[in-house]
Each structure stands twice: as structure tokens, then as C-alpha cells.
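*Asks:* Here you go, one structure.
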Amino acid sequence: MSEIELDPVIHAQARLRVVATLATLDEGDRLAFPKLQKLLEMTAGNLSTHLRKLEEADYVLIDKRFEGRSPATYLELTKKGRRAFESYTETLEALLRGAQ
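The numbers in full-length UniProt numbering rise by one with no breaks, and the one at position 10 of the sequence shown is 10.
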């Protein structure tokens, strides 16, 4: 069996959950930080830490702005992030087929 490696940026459980959730959105669509936090049942600090790692890899775009006087943060998967997730799932499927 050849050496198959899973993307370590995505492979961490919390980041995999973030990317998988954002991948359900259509390309160019985004999700508000509080909505993602609620969906994943993560603390704001924990989610922020994982989003920073995904942003550093250029997998997630973080758009911080003000709406009136209130801060708002929106998240979306970049094209690179979408390709990385597709590659991750293909690699995982190959590993599972090889294990049968």
C-alpha cells in the first residue's frame, strides 16, 4: 500500500468540523461566527483558535466588519479550502477502501 497522508490542517477534529460545515455552503456564501459557534457547540475562544489556523493556511476567509455599532464576523471557505477539503475526503475514502 502506498503512503497516503491526510492534510494535517484539516485533520484535527475541530478544524474538520469547521471545514465540513463551511463546505455545505455554496461557493461564495458565508456564515456568521455566532451561527457556526452554535452549530458546532464550541466556545468562542476555541473556535477562534481553529479558524486562525485555517486562515493561515488560506482555507478560510474571515471578514470582520461593523454593522452599525456592532462588530460582526463572517466566515467562508476559500477556493483553496474547498479544494483541500475535497482532496481530504477523497484521500480518506481511498484509505478506507484500502483497509477493506
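Backbone N, C-alpha and C define an ideal beta-carbon position, used for all residues, glycine too. In this text, all values refer to a predicted model and were calculated from it rather than measured experimentally.
Spatial neighbours of Arg15 within its chain, please: CB distance less than 8 Å, with the 5 preceding and 5 following residues excluded, ordered by chain position.
*Replies:* Within the same chain, Arg15 has close Cβ partners Val9, His50, Lys53, Leu54.
*Asks:* Inspect the beta-carbon positions of Leu75 and Leu22 and report whether they are closer than 8 Å.
*Replies:* Cβ atoms of Leu75 and Leu22: closer than 8 Å.
*Asks:* Could you have a look at residue 121 and say whether DSSP puts it in helix, strand or coil?
*Replies:* The displayed coordinates of the chain run from 1 to 100. Any statement about residue 121 would go beyond what the structure contains.
*Asks:* I'd like to check one pair, Lys80 with Tyr59: are the Cβ atoms closer than 8 Å?
*Replies:* Yes, these two residues count as a Cβ contact at 8 Å.
*Asks:* Val19: which of Thr78, Glu5, Arg69 sits nearest, CA to CA?
*Replies:* Cα-wise, what sits closest to Val19 is Thr78.
*Asks:* Rounded to whole angstroms, what's the CA-CA distance from Leu95 to Glu86? Just pull it up for me.
*Replies:* Their backbone Cα atoms lie some 14 Å apart in a straight line.
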